[in-house]
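Asker:
Protein chains: 2
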Amino acid sequence: MELHVGTGRADQPVQYSNQVSSSPMPKLPKTRGRPNSREAMLDAAQDVVLEGGAGKLTLDAVAKRAGVSKGGVMYNFPTKEALLKAMVERLVEHNRHAHAQVTASLPDRPGRSLKAYVMNSVRALDVDDRVSGALLAALNSDRNVLAPVAEYFNGRFAKLTQDVPFEQAALVYLATEGLWTQELLQLSPFTPRQRAQVVRMLVRMAEQGAAVETAVVASKAVPRKAISNKEKKGKS
Amino acid sequence: MELHVGTGRADQPVQYSNQVSSSPMPKLPKTRGRPNSREAMLDAAQDVVLEGGAGKLTLDAVAKRAGVSKGGVMYNFPTKEALLKAMVERLVEHNRHAHAQVTASLPDRPGRSLKAYVMNSVRALDVDDRVSGALLAALNSDRNVLAPVAEYFNGRFAKLTQDVPFEQAALVYLATEGLWTQELLQLSPFTPRQRAQVVRMLVRMAEQGAAVETAVVASKAVPRKAISNKEKKGKS
DNA sequence: TTTACTGTGCCGACTGGACGGTAAAGTAAT
DNA sequence: ATTACTTTACCGTCCAGTCGGCACAGTAAA
Chain Y
40 MELHVGTGRA DQPVQYSNQV SSSPMPKLPK TRGRPNSREA MLDAAQDVVL
90 EGGAGKLTLD AVAKRAGVSK GGVMYNFPTK EALLKAMVER LVEHNRHAHA
140 QVTASLPDRP GRSLKAYVMN SVRALDVDDR VSGALLAALN SDRNVLAPVA
190 EYFNGRFAKL TQDVPFEQAA LVYLATEGLW TQELLQLSPF TPRQRAQVVR
240 MLVRMAEQGA AVETAVVASK AVPRKAISNK EKKGKS
Chain X
40 MELHVGTGRA DQPVQYSNQV SSSPMPKLPK TRGRPNSREA MLDAAQDVVL
90 EGGAGKLTLD AVAKRAGVSK GGVMYNFPTK EALLKAMVER LVEHNRHAHA
140 QVTASLPDRP GRSLKAYVMN SVRALDVDDR VSGALLAALN SDRNVLAPVA
190 EYFNGRFAKL TQDVPFEQAA LVYLATEGLW TQELLQLSPF TPRQRAQVVR
240 MLVRMAEQGA AVETAVVASK AVPRKAISNK EKKGKS
């Protein structure tokens, strides 16, 4: 299926795509002395957050990690908040791109986008996109910085619900988000096997679109003996 | 139903709940051993985190907020990590208590604990328990501090699944967790109305226990026209 | 080609403030 | 006086942000 859509870092000949306002570099060629160190610094920042948590994200740490001096970092990001903002924007952008890519790879049926969302979230866990969460923590400090994220989340959900009945979409959406968060914070109570099982269920639900919704509403008094027991295996 | 189980803070004849400093602080009786001060400081710490994010949680800020000096804080909590730990423990403890309380108020039927979990999580949002999340962010920095939380989470889920088929429990659990997180971080795409709708659905699913699981598995080809449309209103 | 000038990208020492933590002295109930 | 708690003052460290400087590339006049 070739789902490799990148890890959120610069693993392609991308010429620093997303420019953050006030960036002091209108000249695009930029080729002069060094390759684009901006992306390298963002990568470094990601790594730092990943390894030490948001609290360890200092300019010096980023500089060291990126193999430059602090001045170098400050040159590209006039302030720490600018760095954070750039990280967030790159992440959102990457996520949007990845979602689009996965969506495109799926047949155009109801729940397509929702299914893509689930798959993409899981992929994000398998790869090392774990920055998002660590970053999210960092953002918690500067609450205004995560505004773009909120906006992105909103728009995203709006699209997911066009395909699928609201309750259904919301359920899958929330569960996916919950799984993602829990795994990210390493608070998940699931064994790998259970996680896989859950993911399969979510994908299934996204695929089936409205079916489950109907079933849920209809199942007011289903006799319990009818329970399917075939799904019992994983246990820590 | 009497679900008032507290807000996680000292909800008793507390005199100075949230003081904004400046005030000369009317020297209350100050009875001999005043075990209140500890709780008051934890309350203050909660408030600080709530308002400014985890990054603003400094000893000075807590002290000012609590109407004491920094030394006063340091006396009760020899180190900042001790303060964090205390906050976490109080939170977990409170949560455990609340869950037990809600559970007790429900009829002893399958999915009882799960339903209580859902209801309690929502209640936590309605009241101002929002600290948990902010705190959770803080913990992200000192990863070892949130170990007790992880432990608690694990045990909690284990209990929820005793009652209900795994997939069902996992689904409700994750969705609830997702909802909680999103609302907490103010990233939720839902209108209040939609949120209420989702909550109702989750409670319903928890109640019905195994029923939905059966339905999900069975619903391979349910005609979409059977969808209940009665739930369409909220829209931002 | 040489020289002189300009701008870009980066370096790294330094500063000033914030913050965690310490210690000694003070206050009041017992 | 002893104990429980609080305050005031201070220290050391960390860190964002500043600033003067350096190297190199391009430009162009000589």
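Just so you know, the sequences run in chain order Y and X. Under this note's numbering, read the first sequence as residues 40 to 275, first letter to last. Under this note's numbering, read the second sequence as residues 40 to 275, first letter to last. Glycine included, every Cβ here is placed at the ideal spot set by N, Cα and C.
1. Note down the Cα distance separating Val131 (chain X) from Leu89 (chain Y), rounded to an integer number of angstroms.
2. Could you confirm whether any beta carbon from chain X is found closer than 8 angstroms to the beta carbon of Glu277 (chain Y)?
3. Does chain X have any CB closer than 8 angstroms to the CB of Phe116 (chain Y)?
4. So what does DSSP say about Gln225 (chain X), is it helix, strand or coil?
5. Leaving out five residues on either side along the sequence, give the residues of the same chain with a beta carbon under 6 angstroms from the beta carbon of Val157 (chain X).
6. In the DSSP assignment, find the alpha helix (DSSP H) that holds Ser152 (chain X) and state where it starts and stops.
7. For Ser62 (chain Y), which residues from the same chain have a beta carbon less than 7 angstroms from its beta carbon, with the 5 sequence-adjacent residues on both sides left out?
8. May I ask which residues mark the beginning and end of the alpha helix (DSSP H) holding Arg104 (chain X)?
9. Determine the burial state of Pro149 (chain Y): buried for a count of at least 16 other Cβ atoms within 10 Å of its Cβ, exposed for fewer.
10. With H, G and I counted as helix, E and B as strand and the rest as coil, what does DSSP make of Val203 (chain X)?
11. Cβ atoms of Asn193 (chain Y) and Pro23 (chain X): under 8 angstroms apart, would you say?
12. With DSSP run on the structure shown, which of helix, strand or coil describes Phe192 (chain Y)?
13. If we ignore side chains and look at the alpha-carbon of each, how far apart do Phe205 (chain X) and Ser108 (chain Y) end up?
14. Which chain X residues sit within Cβ distance under 7 angstroms of Asn193 (chain Y)?
15. Since I believe Ala163 (chain X) is in contact with His138 (chain X) (beta carbons under 8 angstroms), could you give me their beta-carbon distance rounded to a whole number of angstroms?
16. Name, please, each residue of chain X whose Cβ falls closer than 8 angstroms to the Cβ of Met240 (chain Y).
17. Taking the Cβ atom as the reference point for each residue, do Ala121 (chain X) and Ala79 (chain X) lie within a distance shorter than 8 angstroms?
18. Can you check whether the CB of Leu226 (chain Y) is closer than 8 angstroms to the CB of Val188 (chain X)?
19. What span of residues does the alpha helix (DSSP H) with Ala83 (chain X) cover, start to end?
20. What residues of chain X sit near Gly150 (chain Y), judged by a beta carbon separation below 7 angstroms?
21. Is Arg129 (chain Y) buried or exposed, if buried means 16 or more other CB atoms sit within 10 Å of its CB?
22. Which residue's Cα is closest to the Cα of Ser171 (chain Y): Y:Gln221, Y:Val112, Y:Arg232?
23. Per DSSP, what kind of secondary structure is Thr230 (chain Y) in: helix, strand or coil?
24. Do Val238 (chain Y) and Leu153 (chain Y) have their beta-carbon atoms positioned less than 8 angstroms apart in this structure?
25. Taking the alpha-carbon positions, what's the Phe116 (chain X) to Leu96 (chain Y) distance?
Answerer: From the atom records:
1. 26 angstroms
2. With chain Y covering 40 to 275 only, the question about residue 277 (chain Y) has no answer from this structure.
3. no
4. coil
5. Thr215, Leu241, Val242, Ala245
6. Start and end: 151-165.
7. With a pLDDT of only 32 at Ser62 (chain Y), under the threshold of 50, the placement of this residue in the model should not be trusted; the figure read from the coordinates follows. Nothing listed; no residue qualifies.
8. 98-105
9. buried
10. coil
11. What the structure shows of chain X is the stretch from 40 to 275, and residue 23 (chain X) is not part of that stretch, so it cannot be assessed.
12. Secondary structure of Phe192 (chain Y) (DSSP, three-state): helix.
13. So the alpha carbons of these two residues sit roughly 52 angstroms apart.
14. Pro228
15. His138 (chain X) to Ala163 (chain X), Cβ: 10 angstroms. No contact.
16. Glu206, Ala209, Leu210, Val255
17. no
18. yes
19. 75-91
20. The premise fails here: Gly150 (chain Y) is roughly 11 angstroms from chain X at the closest Cβ pair, so nothing lies under 7 angstroms.
21. buried
22. Of the candidates Y:Gln221, Y:Val112, Y:Arg232, the one whose C-alpha sits nearest the C-alpha of Ser171 (chain Y) is Y:Gln221.
23. coil
24. 8 angstroms or more divides the Cβ of Leu153 (chain Y) from the Cβ of Val238 (chain Y).
25. 26 angstroms
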